[in-house]
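Asker:
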Amino acid sequence: NKYGEHINMTEQTKTDAAKQTTAPAGPVGPDGSKGQIAGDLTVQDLGIIKSIIDAACQRGAFKANEMQAVGATYNKLESFLNVVQAQQKDLTKDSKGTPATATAKADANVNTQVGGKK
1 NKYGEHINMT EQTKTDAAKQ TTAPAGPVGP DGSKGQIAGD LTVQDLGIIK SIIDAACQRG
61 AFKANEMQAV GATYNKLESF LNVVQAQQKD LTKDSKGTPA TATAKADANV NTQVGGKK
(Lines of atoms letter the chains of each structure in order from A and count residues from 1; the text may use other names and numbers.)
(Lines give C-alpha, C1' and ligand atoms only; values in the text may rest on other atoms or scores of the structure.)
Protein backbone atom coordinates (compact mmCIF):
# COMPACT_ATOMS: atom_id res chain seq x y z
CA ASN A 1 0.00 0.00 0.00
CA LYS A 2 2.53 2.60 1.12
CA TYR A 3 5.10 1.04 -1.18
CA GLY A 4 2.88 1.73 -4.22
CA GLU A 5 2.36 5.34 -3.16
CA HIS A 6 6.14 5.75 -2.75
CA ILE A 7 6.74 4.56 -6.32
CA ASN A 8 4.13 6.95 -7.68
CA MET A 9 5.61 9.87 -5.73
CA THR A 10 9.11 8.94 -6.89
CA GLU A 11 7.97 8.91 -10.52
CA GLN A 12 6.24 12.26 -10.00
CA THR A 13 9.42 13.73 -8.48
CA LYS A 14 11.49 12.50 -11.44
CA THR A 15 8.99 14.02 -13.85
CA ASP A 16 9.00 17.34 -12.01
CA ALA A 17 12.80 17.39 -11.92
CA ALA A 18 12.96 16.68 -15.65
CA LYS A 19 10.59 19.55 -16.35
CA GLN A 20 12.76 21.93 -14.32
CA THR A 21 16.07 20.95 -15.96
CA THR A 22 14.86 20.85 -19.56
CA ALA A 23 16.25 23.75 -21.56
CA PRO A 24 13.76 25.77 -23.56
CA ALA A 25 13.69 25.11 -27.30
CA GLY A 26 15.39 27.89 -29.29
CA PRO A 27 16.91 31.13 -28.07
CA VAL A 28 15.17 33.10 -25.36
CA GLY A 29 15.50 36.88 -25.22
CA PRO A 30 16.27 38.90 -22.10
CA ASP A 31 12.57 39.55 -21.63
CA GLY A 32 11.82 35.81 -21.72
CA SER A 33 10.37 35.88 -25.21
CA LYS A 34 11.27 33.10 -27.61
CA GLY A 35 12.78 33.88 -30.97
CA GLN A 36 15.97 35.35 -32.31
CA ILE A 37 18.15 37.15 -29.79
CA ALA A 38 19.34 40.49 -31.08
CA GLY A 39 23.12 40.58 -31.10
CA ASP A 40 23.62 43.78 -33.03
CA LEU A 41 26.31 46.14 -31.85
CA THR A 42 26.56 49.45 -33.63
CA VAL A 43 29.44 51.88 -33.72
CA GLN A 44 27.40 54.09 -31.40
CA ASP A 45 27.04 51.21 -28.91
CA LEU A 46 30.78 50.67 -28.90
CA GLY A 47 31.34 54.39 -28.35
CA ILE A 48 28.99 54.27 -25.37
CA ILE A 49 30.85 51.25 -23.97
CA LYS A 50 34.10 53.22 -24.30
CA SER A 51 32.56 56.11 -22.36
CA ILE A 52 31.30 53.74 -19.66
CA ILE A 53 34.78 52.23 -19.22
CA ASP A 54 36.29 55.71 -19.00
CA ALA A 55 33.76 56.86 -16.39
CA ALA A 56 34.18 53.68 -14.34
CA CYS A 57 37.95 54.14 -14.31
CA GLN A 58 37.65 57.76 -13.22
CA ARG A 59 35.33 56.75 -10.39
CA GLY A 60 37.64 54.02 -9.13
CA ALA A 61 35.41 51.10 -10.04
CA PHE A 62 38.36 48.84 -10.83
CA LYS A 63 41.07 47.52 -8.55
CA ALA A 64 44.70 48.37 -9.33
CA ASN A 65 45.47 44.84 -10.50
CA GLU A 66 42.52 44.99 -12.93
CA MET A 67 43.52 48.28 -14.53
CA GLN A 68 45.99 46.74 -16.97
CA ALA A 69 43.35 44.46 -18.50
CA VAL A 70 40.78 47.26 -18.52
CA GLY A 71 43.26 49.65 -20.11
CA ALA A 72 44.30 47.16 -22.77
CA THR A 73 40.67 46.45 -23.64
CA TYR A 74 39.91 50.17 -23.72
CA ASN A 75 42.85 50.77 -26.07
CA LYS A 76 41.73 47.96 -28.39
CA LEU A 77 38.20 49.36 -28.44
CA GLU A 78 39.48 52.86 -29.14
CA SER A 79 41.69 51.62 -32.00
CA PHE A 80 38.80 49.64 -33.45
CA LEU A 81 36.51 52.67 -33.30
CA ASN A 82 39.15 54.81 -35.02
CA VAL A 83 39.43 52.28 -37.86
CA VAL A 84 35.65 52.10 -38.23
CA GLN A 85 35.35 55.89 -38.27
CA ALA A 86 38.03 56.07 -40.97
CA GLN A 87 36.13 53.44 -42.99
CA GLN A 88 32.93 55.45 -42.62
CA LYS A 89 34.69 58.55 -43.96
CA ASP A 90 36.08 56.54 -46.88
CA LEU A 91 32.67 55.06 -47.64
CA THR A 92 31.14 58.51 -47.62
CA LYS A 93 33.76 59.77 -50.06
CA ASP A 94 33.65 56.70 -52.31
CA SER A 95 29.93 56.13 -52.48
CA LYS A 96 28.93 59.80 -52.80
CA GLY A 97 25.69 58.53 -51.36
CA THR A 98 23.89 59.63 -48.30
CA PRO A 99 25.76 59.53 -44.99
CA ALA A 100 23.11 57.13 -43.69
CA THR A 101 24.07 54.61 -46.38
CA ALA A 102 27.74 54.85 -45.42
CA THR A 103 26.91 54.43 -41.74
CA ALA A 104 24.76 51.38 -42.46
CA LYS A 105 27.58 49.77 -44.46
CA ALA A 106 30.12 50.49 -41.70
CA ASP A 107 27.73 49.13 -39.06
CA ALA A 108 27.32 45.95 -41.10
CA ASN A 109 31.10 45.66 -41.22
CA VAL A 110 31.30 46.10 -37.44
CA ASN A 111 28.63 43.44 -36.90
CA THR A 112 30.63 41.03 -39.05
CA GLN A 113 33.90 41.76 -37.25
CA VAL A 114 32.41 41.62 -33.75
CA GLY A 115 30.70 38.32 -34.55
CA GLY A 116 34.01 36.87 -35.72
CA LYS A 117 32.79 36.11 -39.24
CA LYS A 118 34.95 38.46 -41.28
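Heads up: the sequence shown runs through residues 1 to 118, numbered per the UniProt record's numbering. For every residue, glycine included, the Cβ atom is placed at its ideal position computed from N, Cα and C.
Taking all protein chains shown into account, decide if residue 85 is buried (16 or more other Cβ within 10 angstroms of its Cβ) or exposed.
Answerer: Counting Cβ neighbours within 10 Å, residue 85 comes out exposed, since fewer than 16 surround it.
Asker: Would you kindly report the start and end of the unbroken alpha helix (DSSP H) that includes residue 55?
Answerer: Its alpha helix (DSSP H) spans residues 43-58.
Asker: Which term fits residue 88, buried or exposed, when burial requires 16 or more other beta carbons within 10 angstroms of its beta carbon?
Answerer: Buried: at least 16 other Cβ atoms inside 10 Å.
Asker: Looking only at its own chain, which residues have a Cβ that is under 8 Å from the Cβ of residue 77, when we skip the five neighbours before and after it?
Answerer: Within the same chain, residue 77 has close Cβ partners 46, 49, 50 and 53.
Asker: In the DSSP assignment, the alpha helix (DSSP H) including residue 82 goes from what residue to what residue?
Answerer: Element bounds for residue 82: 67-95.
Asker: Taking C-alpha atoms, which residue in 81, 67 and 95 lies nearest to residue 41?
Answerer: Among 81, 67 and 95, the Cα nearest to that of residue 41 belongs to 81.
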